[in-house]
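Per the UniProt record's numbering, the very first residue in the sequence shown carries number 1; after that it's consecutive. Single-structure report; data block below.
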Amino acid sequence: MLSALASTIILAAAASFAAALPTATADGASKCTTPEKRKSWHDVSESDKKAYLNAVKCVMTSPQKLNRLPGAKTRWDELVSLHQIHALQIHTTGQFLPYHRYYLKTLDFLLRECGLPKEVTLPYWDEPRDAGKFSKSPVFDKVLGFGGSGVGAQSCVMDGPFANLTVNIGPGFKTQPRCLNRKITDFLSSSCGASYVTSAISGSTYKQALDAIYSGPHLYGHMALSMMNGDSITSSGDPVFFLHHGFVDKMWADWQAKDLTKRLKDISGLNAQDPAVGFSEFSGGMEVESAMWGKPGQELLAVTPDPKSGDGGGTITLNHIMSSLGIIPNATVADVMDIKGGYLCYEYA
Ligand SMILES: [Cu+2]
Numbered sequence: 001m002l003s004a005l006a007s008t009i010i011l012a013a014a015a016s017f018a019a020a021l022p023t024a025t026a027d028g029a030s031k032c033t034t035p036e037k038r039k040s041w042h043d044v045s046e047s048d049k050k051a052y053l054n055a056v057k058c059v060m061t062s063p064q065k066l067n068r069l070p071g072a073k074t075r076w077d078e079l080v081s082l083h084q085i086h087a088l089q090i091h092t093t094g095q096f097l098p099y100h101r102y103y104l105k106t107l108d109f110l111l112r113e114c115g116l117p118k119e120v121t122l123p124y125w126d127e128p129r130d131a132g133k134f135s136k137s138p139v140f141d142k143v144l145g146f147g148g149s150g151v152g153a154q155s156c157v158m159d160g161p162f163a164n165l166t167v168n169i170g171p172g173f174k175t176q177p178r179c180l181n182r183k184i185t186d187f188l189s190s191s192c193g194a195s196y197v198t199s200a201i202s203g204s205t206y207k208q209a210l211d212a213i214y215s216g217p218h219l220y221g222h223m224a225l226s227m228m229n230g231d232s233i234t235s236s237g238d239p240v241f242f243l244h245h246g247f248v249d250k251m252w253a254d255w256q257a258k259d260l261t262k263r264l265k266d267i268s269g270l271n272a273q274d275p276a277v278g279f280s281e282f283s284g285g286m287e288v289e290s291a292m293w294g295k296p297g298q299e300l301l302a303v304t305p306d307p308k309s310g311d312g313g314g315t316i317t318l319n320h321i322m323s324s325l326g327i328i329p330n331a332t333v334a335d336v337m338d339i340k341g342g343y344l345c346y347e348y349a
C-alpha cells in the first residue's frame, strides 16, 4: 500500500510530467500552444545557468540505468554512448539534423530526471556573437560557464564546474576513461560568424542546407573547440557539445522557417554512411578512418539499431525510427521535423 506521502509525490510528479507534455487534440494529434524559449547562454539568467550546470553535473554523477551500453558507468556515459553507437548513422547522412535534434531532447529528459525545473529551458550558443573570439565567450566562464580551454598534453579541462571530470566512453569506439578535454582555437571560430550562417542556410533543398550546415559552421565549431580531442564519435562527452548542437539545430530550424510548408517535409540522404566516404570531413573512407577511431566491436554492434529501421531501404524517410535505446521512447523523423509540431514544442530566442 502506498503511504500518503508517496502518493502525494507520485501525483505531483504525474502533474508536472503532464504539464510538460503536449496536449492532445480531438483528432488525436498533439499540439504545441506555448513553445519553450531556448536562449543563448549569453542571455540565460545567472540562477538558470547555475541550475543548468548543476543538473549536468548530476547527470554526470548519476549511475547508469540501462544496463546495456558497453562501458557506461554514469547516466552521462549513457548519453555519450548513444552518440558513439549511432556515429556511423548520424554523420555524413540525412539523419544528421533529425537525430541531433532528438539527441537534444534526450539530454533534456536526463536533466529533468536530475531535477532541472521546467522553467529552465535547454540553452544553446549563439556562436556568431563570439565568432573569432570563442575563448572570450561567457560559455567558458569559470563559474557561470563550462570552464575554459584545457591544459597540459591531454588538454584536460582544469577549471570551472567540470574540472577533473572523467568520461568513460571513447575515444572513438573504445571505452577508455579519460579526462574531459577541449582546446579552443579562436581563428577557426571565425567561420561560425553571421555571414557563414547566412550562407549555410541559403540553399533551397534539405540536401543543400544539410551539406552546408554540416561542413560549414557545424564542422568549424567542432574544430575550433576540439572537444574530446575533436573525436567525431564521442565529442558529446564535453557538455559544450550540446550548446554547439543547439546552434546547429537553430540553423536547421531557421532554414525550415523560410518556407515552412515545404521544408517541414523535406528530408533526404542516406541513413547510414557510405563506407567509401565515411565522415565527409576525412578522406579515405571508413577503412582508413578505422586507424583513427577503431571499429565498433561485437558488444557495440549488438546494441546498434538497424539504420534502415522504418525506411526499408538505404534512403532516409519521414518514417525513419530514431532510438535512444530506452532513455526516452523512440521517435520518427516526422516527429522532429517541426520544433513546434507537438512532439517538440520550443523555439529559439
Ligand atoms: Cu554528432
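Heads up, the beta-carbon is just placed ideally off N, CA and C, and yes, glycines get one too. Since this is a predicted model, take the numbers as computed values, not measurements.
Assuming Met223 and Val167 make a contact with CB atoms under 8 Å, what is their CB distance in whole Å? Incorrect: roughly 20 Å between the Cβ atoms, too far for contact.
Report all residues for which the CB-ligand distance to some heavy atom of ligand 1 is below 6 Å; order them along the chain. His83, Ile90, His91 and His100
Given 8 Å, three or more beta-carbon pairs between the segment 128-144 and the segment 85-104: no
How many angstroms separate the CA atom of Arg68 from the CA atom of Phe140? 34 Å
Distance check for Lys73 and Ser309, CA to CA, integer angstroms please. 28 Å
Could you say which of Pro239, Ile328 and Gln273 lies nearest to Tyr124 if we only look at CA atoms? Pro239
Please confirm if the segment 180-196 is in contact with the segment 134-154, defined as three or more CB-CB distances below 8 Å between the two stretches. yes
Going by Cα to Cα distance, which pick from Val248, Thr234 and Val336 is closest to Gln176? Thr234
With three or more C-beta pairs closer than 8 Å as the rule, is the segment 152-160 touching the segment 194-212? no
Among Gln89, Leu104, Pro138 and Val80, whose alpha-carbon lies nearest the alpha-carbon of Trp41? Pro138
Which residue comes first and which comes last in the beta strand (DSSP E) that contains Lys57? Careful: Lys57 lies outside any beta strand (DSSP E), inside the alpha helix (DSSP H) at Glu46 to Thr61.
Status (buried if at least 16 other CB within 10 Å, exposed otherwise) for Leu301: exposed
Neighbourhood of Gln64 by C-beta, 8 Å cutoff - its chain only, sequence neighbours within 5 removed: Ala72, Lys73, Thr74, Arg75, Asp77 and Glu78
Compare the Cα-Cα distances from Lys174 to each of Glu299, Asn319 and Ile316 and report the closest residue. Glu299
Own chain residues within Cβ distance below 6 Å of residue 404, not counting five before or after: This structure gives no information on residue 404, because the portion of the chain shown stretches from 1 to 349.
What residue range does the alpha helix (DSSP H) around Glu299 cover? Gln298 to Val303
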